[in-house]
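*Asks:* Numbering-wise, the sequence shown is residues 258 to 612 according to the numbering used here.
Structure incoming, see below.
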Amino acid sequence: MAAPLPPAQLAAMRRAIELSFGQLGATSPNPPVGAVVLNDQDQVVGEGATQPAGGPHAEVLALRQAGSRASTLVVTLEPCNHTGRTGPCSEALIAAGVKKVVIGCAEPTAVAAGGAARLSAAGINVRAGVLEEEIAAGPLAAWLHRQATGRPFVTWKYAATLDGRSAATDGSSRWITGPEARADVHRLRGQSDAVIVGVGTVLADDPSLTARPDPGHQPLRVILDTHGRTPAAAKVLDGAAPTLVVTGGATYGEDRTLVQDGATDGIDLPWLLQQLADRDIVSVLLEGGPTLAGAFWRAGLIDQAIGYVAPTLLGSGKQALGDAGVSTIDEAILLQLTDISRLGDDLRLTMSRRG
C-alpha cells in the first residue's frame, strides 16, 4: 500500500482541481488541466491552468511562476510526452529540475501518453492516481468521454416545478426558478463548448443562449431547424456568439449553416454529434424543449442531467420531458444522483445515467 500523501500535496491537488474547473469551456479540444508547484518545504510557489488551444499548458505556466524554487509538481492529468502546438511538458519538468510529480489521471491518448514513464526514467519520483475518480468525474469528465467515445459529452439541463412542469397551460414559463438558479445556468453555458436547442425554442422564447457575464469565451449556439424557420432577426443570429443552424437545406450563411442532405423529419442526432466532434466540440449543453430532450434520451445520447427544481406546483402544462421511448416501468431510464445543492429556494440535482 502506498504511503499517505503529505497533506500539503493533497491540498495542492485539490487546488489543481479548482484551477481545472476554472478552464472548462476554454481549452477544447485540449483538456482543462490544473497544476500547482511546491518548493522543498511543500509551500505553493506556482500555479497554472491550461490556456486555449495553442497556448501554454498548465505545467509550463506553474513552472514559470515557481522558477528555481520548483521541487514538486502536482497536476490533474499526466504531463504530455509529445510535441504538438507546444512542446512536451515532460521535458519541461525535467529541464526545470523537478524532484517529484504527483498525477491525478493517466493520459488516455496514445499520441500524448508516456509522460510518467519519461519522468521516471529521468530519475523523478512519480506518484499517479491521486484523487483520480474525483477528477475523472469532475473537470476532466467531458474530455475523457470524448477520448473514449469519439463524441461530445452531452448534459441535459432543465428547469421544472415540483410536479415536473416546464411551463403553465398558457405556455408561460418565466420564471419557474429563481435568480440563483438562472445564474448557475449561465455558468454552465460558459463551461460548455456548445449549446443546443430546437427551432421551437427559438420561435417561442427568442433566447440569446449566451453566457452572462461574458466569461471571455462563448459557447457555439446550435439550432436544430430542419425546415429553416429561424427568423433572420432572431437573437441567436445576432453575432454575440458563434452560431450554427443545422437544416435540411436552408442557408444562413456559409460559416453558420450545417446541412444534413435529405433531412425532412428531424436532424439525425448521432450524425449531428459527429459533426460537432469534427469541429473540436467536447462538451454540449442541451437546452431544448421536451421534444428534443426526449429524442436525445431515446437515442441514448445524454450522459448527464442537471435539473433545477422549484418548490412550485402547476398541476397542468408542459412537461419537462417528452417521449423518451419508455412504455413500461421496466424500460424506465435509471439515473444516479451524484450531487444535490440548494440555490436560493430551488434545488439543483446532478445525475448521471446508470451503466
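Yeah, the Cβ is synthetic: ideal placement off N, Cα and C, and Gly gets one too.
As the structure is a prediction and not an experimental result, all values here were calculated from the model.
Taking C-beta to C-beta, are L501 and V479 nearer than 8 Å?
*Replies:* Against the sequence shown, residue 501 aligns to sequence position 244. Against the sequence shown, residue 479 aligns to sequence position 222. Closer than 8 Å, so yes.
*Asks:* Whose C-beta lies closer than 7 Å to the C-beta of G572 among residues of the same chain, with five residues either side of it excluded?
*Replies:* Within the sequence shown, residue 572 is the residue found at index 315, counting from 1. Excluding sequence neighbours, G572 sits near D420.
*Asks:* Where does G224 land, buried or exposed, given buried means 16+ other C-beta within 10 angstroms?
*Replies:* Residue 224 cannot be examined here, being either before or after the span of the chain that is shown, 258 to 612.
*Asks:* Any chance the stretch 292 to 301 sits against the stretch 451 to 469, with 3 or more Cβ pairs inside 8 Å?
*Replies:* Not touching, per the Cβ criterion.
*Asks:* For the pair the stretch 435 to 443 and the stretch 579 to 594, tell me if three or more CB-CB distances fall below 8 Å.
*Replies:* Not touching, per the Cβ criterion.
*Asks:* State the CB to CB distance for the pair L530 and P409, rounded to an integer number of angstroms; the pair is presumed to be in contact (CB under 8 Å).
*Replies:* Here the question's residue 530 lines up with position 273 in the sequence shown. Here the question's residue 409 lines up with position 152 in the sequence shown. That belief holds up - the Cβ atoms of L530 and P409 are roughly 6 Å apart, short of 8 Å.
*Asks:* What separation, rounded to the nearest whole angstrom, lies between the Cα atoms of L318 and V302?
*Replies:* For the purposes of this step, residue 318 is taken as the residue at position 61 of the sequence shown. For the purposes of this step, residue 302 is taken as the residue at position 45 of the sequence shown. Looking at the two C-alpha atoms, the distance is approximately 11 Å.
*Asks:* Within this structure, are the beta carbons of W400 and P313 separated by less than 8 Å?
*Replies:* Here the question's residue 400 lines up with position 143 in the sequence shown. Here the question's residue 313 lines up with position 56 in the sequence shown. No, the Cβ-Cβ distance between W400 and P313 is not below 8 Å.
*Asks:* In angstroms, rounded to a whole number, what distance separates the CA positions of R422 and V583?
*Replies:* Counting from one through the sequence shown, the residue named residue 422 turns up at place 165. Counting from one through the sequence shown, the residue named residue 583 turns up at place 326. Going by the C-alpha atoms only, they are around 18 Å apart.
*Asks:* Opposite N382 in the DSSP bridges: which residues?
*Replies:* The residue labelled residue 382 in the question sits at position 125 within the sequence shown. According to DSSP, N382 bridges with K357.
*Asks:* Just tell me which of A323, S325, T333 has its CA closest to the CA of V307.
*Replies:* In the sequence shown, residue 307 corresponds to position 50, counting from 1. Val is not the amino acid found at residue 307; the sequence shown has Thr there. Ranking the options by Cα distance to T307, first place goes to T333.
*Asks:* Taking the straight line between their C-alpha atoms, what separation do you get for T493 and G485?
*Replies:* Taking the sequence shown and counting its residues from 1, one reaches residue 493 at position 236. Taking the sequence shown and counting its residues from 1, one reaches residue 485 at position 228. The identity of residue 493 in the sequence shown is Val, whereas the question assumes Thr. Approximately 14 Å between the Cα atoms of the pair.
*Asks:* Taking the beta strand (DSSP E) that Q593 falls in, what are its first and last residues?
*Replies:* Here the question's residue 593 lines up with position 336 in the sequence shown. Per DSSP, Q593 belongs to the beta strand (DSSP E) from 592 to 600.
*Asks:* Would you list the residues sitting across from A292 in a DSSP beta bridge?
*Replies:* In the sequence shown, the residue the question calls residue 292 occupies position 35. Answer by DSSP bridge pairing, in chain order: G305, V332.
*Asks:* Can you check which of these residues, D580, A327, P568, is closest to A352 by C-alpha distance?
*Replies:* On the sequence shown, position 95 is the one that residue 352 refers to. That would be A327, whose Cα lies nearest to the Cα of A352.
*Asks:* What residues in its chain sit with their C-beta under 7 Å from that of L570, if we drop five residues either side in the sequence?
*Replies:* In the sequence shown, residue 570 corresponds to position 313, counting from 1. Closer than 7 Å at the Cβ level, and outside the excluded window around L570, lie T418, L419, D420.
*Asks:* Could you tell me which whole alpha helix (DSSP H) segments of length 4 or greater appear in the stretch 524 to 577?
*Replies:* Whole alpha helix (DSSP H) segments, 4+ residues: 526 to 535, 547 to 555.
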